[in-house]
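Novice: Counting in the numbering used here, the sequence shown runs from 140 upward without gaps.
Note that CB positions come from ideal geometry on N, CA and C, so glycine has one too.
Starting off with a structure, shown below.
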Amino acid sequence: MGDYELVRLAWQARERAYCPYSGYGVGAALLAESGRVYQGCNVENAAYPVSSCGERSALFAAVSAGERHFSALAIVGGPMNNPAEMITARVSPCGVCRQALYEFEPQLRLLLVTGPDTWEETTLEQLLPDGFGPQNME
Ligand code: THU
Numbered sequence: 140m141g142d143y144e145l146v147r148l149a150w151q152a153r154e155r156a157y158c159p160y161s162g163y164g165v166g167a168a169l170l171a172e173s174g175r176v177y178q179g180c181n182v183e184n185a186a187y188p189v190s191s192c193g194e195r196s197a198l199f200a201a202v203s204a205g206e207r208h209f210s211a212l213a214i215v216g217g218p219m220n221n222p223a224e225m226i227t228a229r230v231s232p233c234g235v236c237r238q239a240l241y242e243f244e245p246q247l248r249l250l251l252v253t254g255p256d257t258w259e260e261t262t263l264e265q266l267l268p269d270g271f272g273p274q275n276m277e
């Protein structure tokens with residue numbers, strides 16, 4: 140699974156975003172070390188705080204399927220009423236999702252999508268340095 144394909148699957152996941160309140164759709168595609176990909180989208184709720192981000196939707200689907208280690212996560216975010224070409228600001232995973240991902244893969248490679256087939260690469264470690272993880276509980 141190449142990065143280009145993973146980004147394409149994140150775009151596909153975003154089509155399923157349920158975001159009637161914010162209008163901001165997020166799609167995520169998480170590549171597990173098994174080689175399988177788990178997609179997620181944001182799922183909002185009339186009781187706003189109940190909503191889930193796309194990243195955690197993908198992570199929880201993967202962990203529920205028995206995965207524990209991950210190679211890369213592609214994330215696409217932007218207003219749903221804009222075409223892909225209009226997405227100019229890249230998404231950035233929220234603090235809660237950074238922490239949720241850190242539990243399993245502090246070194247996770249992140250592909251933050253900036254356009255139809257462009258992205259910036261970073262790591263979870265860069266976005267959440269010195270995070271609190273399982274090692275702190277030992
Ligand atoms: N959202 C995500 O799904 N992931 C992020 O990294 C940032 C924000 C969602 C939450 C909410 O449904 C909408 O985007 C606007 O904040």
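#1: What are the boundary residues of the alpha helix (DSSP H) that includes LEU145?
#2: Return the first residue and the last residue of the beta strand (DSSP E) that GLU259 is part of.
#3: Between the alpha carbons of MET219 and GLY164, how many angstroms are there, rounded?
#4: Give me, in chain order, the residues of the same chain whose beta-carbon lies closer than 8 Å to that of SER173; leave out the 5 immediate sequence neighbours on both sides.
#5: Give every residue of the same chain whose Cβ lies closer than 8 Å to the Cβ of VAL146, excluding the five residues on either side of it in the sequence, and list them in chain order.
#6: Return the CA-CA distance between TYR160 and GLN238, expressed in angstroms with no decimal places.
#7: Using beta-carbon positions only, say whether TYR143 and CYS180 come within less than 8 Å of one another.
Specialist: With the given structure in hand:
#1: 142-153
#2: 257-262
#3: 5 Å
#4: GLU206
#5: ALA168, ALA213, VAL215, LEU250, VAL252, ASP256 and TRP258
#6: 25 Å
#7: no
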